[in-house]
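Residue numbers (this note's numbering): 2 to 537.
Have a look at the structure below, then the notes.
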């Protein structure tokens, strides 16, 4: 092995340092030997190597020969790395980073220092009582510190003369005792007693009367138990807080949130230095041919659905530039995979047939990635969110035909260059409408999907339903949060397919492929959504 040149050493050390790695001498030589394989695409090969190292569960940021050699061996053996001399192919592969929910970092907010700090230590699936309290406290703190920065709710820096109608300063619930007149409070809607709702904050709880409440602004949202609201009203003599108007905490611009969270990785996938972000943004703007195809409810046990899927794959196999990514979301079976389900062996074979179907389309197999996200009724340990990836037993046959298929949790996150995309498969709209306490206003829109999008974005949470309606693993509730707001949210729901852009966030539902033959194509470069359907 020839010793790398001084220029090559400096280049490798600088690139690895930008990603937070330090190279030992033997590791540097191993990396240089890998780049020697691709003299015409050296930079792209190096980016690919760094991207794969980011995904490795490394014990230390100081890399030795073994750590680098392990990743190099995987890249050399993989079929797509053989063609790494093509910059376009390498760029497309290294652009995509998939983040499983169970590896998303968890952060807590310190109200004294007014900073977020990362949780250290292992998170348990089986939480304790304190973990459930922390779930609500952390959700509330995120929205409270966001509200405190809003110009309408923040306290003036200097004492000024303000009328009662101008003042929107939040009063803690504990401080309501003895207060008269109109007050603004913020809290979580809870049902501490049967048929009596309360508003809770970190200091206490107060019973509320929502009978005459009207939505603020008018905000087209679902007000359900477990959501955090800002309410204006008066504490009556009987101890009940009469709500006159209520709304959700105002949204904060994504860039404003990021400026306050510099160096913190809320999304997962690693912190990207400014220099690297600029480079990736430039590449993202040039990726005009990249496209994601999203299908929900791909019933493998339904011959009609499989026939329709074959038509879709044939159509994209014949286009000039095949899609970069196919996202197949559950349910993958027309029957719920519960305790009464006894056809797991048959479902395993059906996954194998899907693998054969993909492998038969040579261009798709070689140039596209396939991402599988389980649905609410798919096989798994429980119905609680987040759901882990599909069981290995079911997918082994498919992986024999499509080795680079990706199986992740529900929800999951995808980073395309600098763009953050969240995928969530849950029949959420029906449950939100059933659980709604105040009918959403139809002054701005009567579309329930738009109401749903407004609700989850203002709550900064994918599923703000009561835990009795949708259980959540207490220690992993942070995986469902939407703070800072991502660029795109894909909500796989069995309801009618829709696309809606709300305050700059692209949200869409691809519809139910098995029921309606609908699916969606998304172009990340322009954030355009093409709602598609097969002719019946």
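For each residue, glycine too, the CB sits at the ideal point set by N, CA and C.
>> For a minimum of 3 consecutive residues, which ranges assigned as the beta strand (DSSP E) are wholly contained in the segment 361-408?
In response: 370-374
> Going by beta carbon distance, what residues of the same chain come within less than 8 Å of residue 315, once the five residues before and after it are set aside?
Replying inline: 362
> Is any beta-carbon of chain D found at less than 9 Å from that of residue 272?
Replying inline: No chain D appears in this structure, which consists of one protein chain only.
> Between which two residues does the alpha helix (DSSP H) containing residue 457 stretch?
Replying inline: 449-460
> Run through DSSP, which three-state label would residue 82 get?
Replying inline: Caution is warranted here: a pLDDT of 37 is assigned to residue 82, below 50, making its placement in the model unreliable, and the coordinate value is therefore given only provisionally. Reduced to three states, the DSSP call for residue 82 is helix.
> Beta carbon of residue 43, beta carbon of residue 36: below 9 Å?
Replying inline: yes
>> Measuring alpha carbon to alpha carbon, tell me which residue in 498, 488, 524 and 460 is nearest residue 225.
In response: 460
>> Taking 9 Å as the threshold (C-beta atoms), are residue 240 and residue 207 in contact?
In response: yes
> Can you tell which of 305, 399 and 21 has its C-alpha closest to the C-alpha of residue 348?
Replying inline: Checking every option, the nearest Cα to that of residue 348 belongs to 399.
> If we call anything under 9 Å between Cβ atoms a contact, is residue 17 one with residue 51?
Replying inline: yes
>> Can you list, in chain order, the residues of its chain with a C-beta nearer than 7 Å to that of residue 278? Leave out the 5 residues immediately preceding and following it.
In response: Within its own chain, the residues whose Cβ lies closer than 7 Å to the Cβ of residue 278, once the five positions on either side in sequence are excluded, are 419, listed in chain order.
> For the beta strand (DSSP E) that contains residue 248, what are its first and last residues?
Replying inline: 242-248
> Could you check where the alpha helix (DSSP H) with residue 142 kicks off and where it finishes?
Replying inline: It spans 130-149 - the alpha helix (DSSP H) in which residue 142 sits, taken as one unbroken run.
> Thinking C-beta only, is residue 425 closer than 9 Å to residue 463?
Replying inline: yes
>> For a minimum of 3 consecutive residues, which ranges assigned as the beta strand (DSSP E) are wholly contained in the segment 457-502?
In response: The segment 457-502 contains these whole beta strand (DSSP E) runs: 489-493.
>> One question on the structure: do residue 375 and residue 391 come within less than 9 Å of each other, judged by their Cβ atoms?
In response: yes
> Based on Cα-Cα distance, which residue from 334, 64 and 292 lies nearest to residue 322?
Replying inline: 292
> Identify the residues that DSSP records as bridge partners of residue 33: which are they?
Replying inline: According to DSSP, residue 33 bridges with nothing at all.
> How many Å lie between residue 470 and residue 11 at the Cα?
Replying inline: 56 Å
> Among 260, 264 and 185, which has the Cα closest to the Cα of residue 245?
Replying inline: 185
> Relative to the C-alpha of residue 406, which residue among 190, 365 and 235 is closest?
Replying inline: 365
> residue 1 by DSSP, collapsed to three states: which one?
Replying inline: Nothing can be reported for residue 1: it is not among the residues displayed for the chain, which extend from 2 to 537.
> Which runs of the beta strand (DSSP E), 3 residues or longer, sit entirely within the segment 272-304?
Replying inline: 293-297
> Since residue 253 is in the beta strand (DSSP E), which residue starts that stretch and which ends it?
Replying inline: Careful: residue 253 lies outside any beta strand (DSSP E) and carries neither H nor E.
> Looking at the structure shown, is residue 188 part of a helix, part of a strand, or coil, going by DSSP?
Replying inline: It is a strand residue.
> From residue 172 to residue 214, what distance separates their C-alpha atoms?
Replying inline: 19 Å
>> I need the boundaries of the alpha helix (DSSP H) containing residue 44, first residue and last residue.
In response: 43-56
> Among the residues of its own chain, which have a CB less than 6 Å from the CB of residue 73, if the five just before and after it don't count?
Replying inline: If we look at residue 73 and ignore the five residues flanking it on each side, its Cβ neighbours are 35.
> Mapping DSSP to helix, strand and coil, what is residue 311?
Replying inline: helix
> Is residue 180 buried or exposed, if buried means 16 or more other CB atoms sit within 10 Å of its CB?
Replying inline: exposed
> If you check the beta carbons only, do residue 177 and residue 236 fall under 9 Å apart?
Replying inline: yes
> Is it right to say residue 342 is buried, meaning 16 or more other beta carbons lie within 10 angstroms of its own, or is it exposed?
Replying inline: Under a 10 Å Cβ-count criterion, residue 342 is classified as exposed, with fewer than 16 other Cβ atoms of the shown protein chains found around its own Cβ.
> Can you name, in chain order, every residue of its own chain whose Cβ lies under 8 Å from the Cβ of residue 198, other than the five neighbours on each side?
Replying inline: The answer, listed in chain order, is 190, 191, 192, 208, 209, 211, 226 and 438.
> Where residue 458 and residue 516 are concerned, what is the direct C-alpha to C-alpha distance, given to the nearest angstrom?
Replying inline: 28 Å
> Do residue 368 and residue 223 come within 9 Å of each other at the CB atom, strictly closer than that value?
Replying inline: No.
> Where does residue 439 fall in DSSP's three states?
Replying inline: strand
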